[in-house]
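Worksheet for the structure shown next.
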Ligand code: UD1
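Written out as structure tokens, the structure reads:
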């Protein structure tokens with residue numbers, strides 16, 4: 141489809157969201173080149189992608205912090221657009237090691253944008269996060285909600301990242317879209333790719349599936365005294381395949397020139413809020429297993445409630461989610477069972 145124009149560069153393409161996006165891009169006929177440093181991913185993911193789509197994507201193992209390597213990469217590849225997933229994402233670690241996060245998430249972004257400008261690569265999609273809104277004053281959250289002071293260096297890298305890209309679009313030919321993800325969960329229906337948390341998972345769904353699988357003894361539910369329908373915190377859990385498809389819609393918008401601003405921001409969620417107890421109930425239903433859990437105190441830095449107003453993304457990107465919480469949890473469970 142786009143062969144004559146060049147490939148789509150997916151940084152972090154062996155990670156959780158990156159790998160699912162590579163699959164959707166290949167399904168749509170795009171030629172893809174993956175950059176990944178394997179710091180939080182496994183090379184086997186490449187086989188998973190290849191066996192789903194029948195096409196082995198080009199893979200370059202490269203550390204984006206080494207600017208010379210980024211320069212060489214762009215010299216040797218004709219790139220039509222970049223989807224930038226590569227980043228560190230552990231909130232707690234970012235508090236302990238802020239400079240690691242600013243180097244991994246900010247220096248690399250700057251290098252990429254510099255090399256893109258030099259090589260006239262002008263389409264950029266950025267993995268942002270609903271974390272930029274903090275605890276929003278109004279729910280559901282629209283893209284017009286104010287950006288709140290970041291709770292962690294990780295969250296700050298997403299805010300600063302958006303600003304860096306926005307400033308860059310003001311002076312050159314760059315066209316960019318920031319996708320603000322809500323809570324991505326689930327796995328591909330083939331169960332050949334999914335989430336691979338290293339060590340003890342910090343996020344809810346991998347902790348739930350590992351507990352059900354007997355790897356963890358018990359899930360701690362962080363707080364039941366929030367002002368929500370059942371006292372537990374509410375999030376917008378989106379199936380990773382639906383999320384991946386939002387990237388295709390965003391890329392097509394940039395390629396066809398339908399974007400209305402040089403930088404645009406979209407919420408990518410389902411629009412539906414689910415509490416921790418809602419998630420547990422839905423998981424028990426789809427897995428037919430009782431989950432061992434107990435209520436403990438709140439986790440520091442957690443917000444009460446976040447779910448997206450998706451109307452802007454639905455209208456402008458022509459994109460909407462097709463899968464629901466039960467679909468996502470069922471796929472996460474199937475994936476977990478395959479890991480044993
Ligand atoms: C977390 C990050 C957020 C990041 C996102 C990426 C924090 C404070 N926030 O969001 O910045 O963008 O991951 O996916 O880490 N929960 C439990 N028990 C657990 C784990 C989680 O009850 O063992 C609860 C949490 O309190 C929260 C919900 O489950 O209410 C979802 O938690 P999680 O999956 O960590 O996502 P976020 O906190 O929304």
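In our numbering, the protein residues as written are 141 to 480. Glycine included, every Cβ here is placed at the ideal spot set by N, Cα and C.
Backbone secondary structure at residue i - three-state DSSP
i: residue 404; result: strand
i: residue 219; result: strand
i: residue 324; result: strand
i: residue 481; result: Limits of the chain in this structure are 141 at one end and 480 at the other, which puts residue 481 out of reach.
i: residue 292; result: coil
i: residue 310; result: helix
i: residue 241; result: helix
i: residue 228; result: coil
i: residue 384; result: helix
i: residue 448; result: strand
i: residue 273; result: helix
i: residue 141; result: Because the pLDDT at residue 141 is just 45, under 50, the model does not fix this residue reliably, and the point stays unresolved.
i: residue 249; result: helix
i: residue 436; result: strand
i: residue 234; result: helix
i: residue 254; result: helix
i: residue 318; result: strand
For residue i, the nearest candidate out of the options (CA to CA)
i: residue 155; options: 430, 148 and 189; result: 189
i: residue 406; options: 457, 246 and 351; result: 457
i: residue 423; options: 216, 351, 438 and 394; result: 351
i: residue 361; options: 370, 433 and 326; result: 433
i: residue 314; options: 252, 388 and 357; result: 252
i: residue 225; options: 320, 293, 237 and 192; result: 320
i: residue 228; options: 248, 216, 214 and 219; result: 248
i: residue 416; options: 392, 428 and 371; result: 371
Whole-Å CB distance - residue i paired with residue j, under 8 Å assumed
i: residue 431; j: residue 182; result: Going by Cβ atoms, the distance from residue 431 to residue 182 rounds to 27 Å, so no, they are not a contact pair.
i: residue 445; j: residue 413; result: 6 Å
i: residue 447; j: residue 280; result: 5 Å
i: residue 173; j: residue 165; result: Going by Cβ atoms, the distance from residue 173 to residue 165 rounds to 11 Å, so no, they are not a contact pair.
i: residue 443; j: residue 274; result: 7 Å
i: residue 426; j: residue 348; result: Not really, about 11 Å apart at Cβ, beyond 8 Å.
The ligand UD1 heavy atom lying under 6 Å from the CB of residue i
i: residue 344; result: yes
i: residue 263; result: no
i: residue 453; result: no
i: residue 445; result: no
i: residue 297; result: no
i: residue 375; result: yes
i: residue 320; result: no
i: residue 169; result: no
i: residue 413; result: no
i: residue 180; result: no
i: residue 272; result: no
i: residue 360; result: yes
i: residue 312; result: no
i: residue 416; result: yes
i: residue 441; result: yes
query: Enumerated in chain order, which unbroken segments of the beta strand (DSSP E) with a length of 3 residues or greater are wholly contained in the stretch 143 to 216?
result: Here the runs fully enclosed are 147 to 151, 172 to 176 and 198 to 201.
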